[in-house]
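So the structure is just underneath, and the comments pick up after that.
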Amino acid sequence: RFLNRPLSRAVSRLLVRTPLTPNQLTLLLMLLPLVGAFLLRRGDYFGFACGAILFQLHSMLDGCDGEIARVKYLESEAGAKLDQICDRWSTLLFAIALGLGLTRATGSWSYLAEGLGAAGNGPPTPGRCLSSRSRCFRP
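The sequence shown: position 82 = 146 (this note's numbering), numbered continuously.
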């Protein structure tokens, strides 16, 4: 909120002047987690540092597509779904790639199991929060 949103808004102000559509930006930004996952799975300091930075950069820029859609009046259900799908894939890639990288670095398969387990559980969603007594996190 204090870091990601201000950066996202500043970048959106620049991107709004380009012919780039929100959906194109969503797909373009998906390159960051793909490269970040490749780096994380290396299992060395450089890979962990650069991979984590790329995932954080993706997180910071993730709001740009929605902001641009609102400014250019290009909001759509398909765009919102595409953004949601890319966000989920980004989360899954991070968990699995970090598990792979830690397994490579330490030789312990427990890290890969944890990464796969985290990816299998996925982030909490409204569909998983079936009652007010549920322990899942609320946005």
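Every residue, glycine too, gets a C-beta built ideally from N, C-alpha and C.
Residue burial classification, residue i (beta-carbon count within 10 angstroms, cutoff 16)
i, result
"D108", "exposed"
"T90", "buried"
"L96", "buried"
"T82", "exposed"
"S140", "exposed"
"F66", "exposed"
Enclosing alpha helix (DSSP H) for residue i [first to last residue]
i, result
"P83", "Segment: none, P83 is in no alpha helix (DSSP H) and carries neither H nor E."
"F119", "109-125"
"S172", "Neither: S172 is in no alpha helix (DSSP H) and is coded neither H nor E."
"R65", "From DSSP, R65 is part of no alpha helix (DSSP H); its letter is neither H nor E."
Same chain only: Cβ atoms within 6 Å of residue i, ignoring 5 sequence neighbours per side
i, result
"R73", "none"
"P234", "In the structure displayed, the chain extends from 65 to 203; residue 234 sits before or after that span and is not available."
Spatial neighbours of residue i in its chain, beta-carbon cut-off 8 Å, leaving aside the 5 residues before and after
i, result
"G111", "L103, L104, R105, G165"
Residues near residue i in its chain [Cβ-Cβ closer than 7 Å; skip 5 each side]
i, result
"L125", "S72, V75, L93"
"L194", "With a pLDDT of only 41 at L194, under 50, the local geometry of the prediction cannot be trusted, and the value read off the model is given with reservation. Once the five neighbours on either side are set aside, L194 has no close Cβ partner at all."
Are the region 167-182 and the region 147-154 in contact at 8 Å, needing three or more beta carbon pairs?
-> no
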